[in-house]
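Worksheet: one structure, shown below.
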Amino acid sequence: MIGRATACARRSVVLKDNDCRAHPSGWDQRILAVWVVVFFRDPLRAGPRGERYVLAAAEGHVVHVIETEEPMYVKERAVRISIFLSVFDVHVNRYPVDGTVELVNYNRGKFLHAADEKASLDNEQSSIGLRGPRGRVLVRQIAGLIARRIVTDAKPGARVTQGDRLGLIRFGSRTDVFLPVSAHPVVKVKPGDRVRVGGTVLAEYA
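Heads up: the sequence shown begins at -19 in the working numbering, then just goes up one per residue.
Structural data, given as structure tokens:
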């Protein structure tokens, strides 16, 4: 369906295919093709780089900045920064720091609203643990009400670069970043702030 929509969009706009333009389903397919292109866009963001910075792993609005215990990978008290992605946001995730992937853990779960606090525990999610220059960092991709597909490109043992693609979550979703309190991160965002994936600094180390 998506392939046909994309082909039809090209014929009607570029090649002036009147049959495609005139047929009602042609309009539907053109709209679908445009929507697919917009939804799966993958822009590169300019921003600070370096081990002092923790970049946004997702694009959207910050919904939580809290301290909590993180038992899976960080294994100590951590600052959790949660970013909610609407269906209109870029849905590609990027690595917030340089490092080595030490954990990739997928958990099939429920599909509560991604902004709900319980989504951190109950929803479908994929957790990626990174050993960075300033210690452990955990990124958690969390599915939402609509999302039913988490894509994680990370592989255990891989060396990754800050700002490179980590994966994506299809449709409305959430991404959490956990930073150990013992590393003394200075959080630069607050709930309500809009952040750009790979471009906005979430936290900074001294």
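The C-beta atom is built at its ideal place from N, Cα and C for all residues, glycine as well. Just so you know, these numbers come straight off a predicted model, no measurement behind them.
Range covered by the beta strand (DSSP E) that runs through residue i
i, result
"Gly79", "79 to 87"
"Arg60", "56 to 65"
"Pro160", "153 to 160"
"Arg111", "105 to 112"
"Thr48", "40 to 50"
"Glu184", "181 to 184"
"Val117", "115 to 123"
"Arg176", "Neither: Arg176 is in no beta strand (DSSP E) and is coded neither H nor E."
"Tyr33", "33 to 35"
"Val72", "72 to 74"
"Val169", "Counting along the chain, Val169 falls outside any beta strand (DSSP E), and DSSP gives it neither H nor E."
"Asp145", "Here residue 145 turns out to be Arg, not Asp, going by the sequence shown. Unbroken beta strand (DSSP E) run through Arg145: 145 to 149."
"Thr141", "Element bounds for Thr141: n/a, residue is neither H nor E."
8 Å Cβ cutoff met for residue i and residue j
i, j, result
"Gly178", "Arg25", "yes"
"Glu104", "Asn87", "yes"
"Ser107", "Ile130", "no"
"Ile63", "Val175", "yes"
"Asp69", "Gly40", "yes"
"Ala163", "Gly115", "yes"
Rounded distance between the beta-carbons of residue j and residue i, thought under 8 Å
i, j, result
"Asp144", "Tyr75", "5 Å"
"Gly79", "Val117", "7 Å"
"Tyr33", "Val181", "5 Å"
"Val67", "Lys170", "So it is not a contact: roughly 24 Å between Cβ atoms."
"Ile149", "Leu65", "7 Å"
Given residue i as reference, the closest of the options once Cα atoms are compared
i, options, result
"Ala58", "Asp69, His44, Gly40, Val67", "His44"
"Arg29", "Thr141, Arg154, Pro160", "Thr141"
"Ala37", "Glu49, Val72, Ala138, Pro160", "Val72"
"Glu31", "Gln121, Ala134, Gly112, Asp133", "Gly112"
"Asn82", "Glu49, His164, Pro51, Pro136", "Note on identity: in this sequence residue 82 is Glu, with Asn being the wrong assignment. That would be Pro136, whose Cα lies nearest to the Cα of Glu82."
"Asp188", "Glu49, Ile61, Tyr53", "Residue 188 falls outside the range modelled here, since the chain spans only -19 to 186, and no answer is possible."
Buried or exposed (CB count within 10 angstroms, at least 16 for buried), residue i
i, result
"Phe158", "buried"
"Ala186", "exposed"
"Arg154", "buried"
"Ala183", "buried"
"Ile122", "buried"
"Glu49", "exposed"
Minimum Cβ-Cβ distance from residue i to chain D less than 8 Å
i, result
"Ile61", "The structure shown contains no chain D; it is built from a single protein chain."
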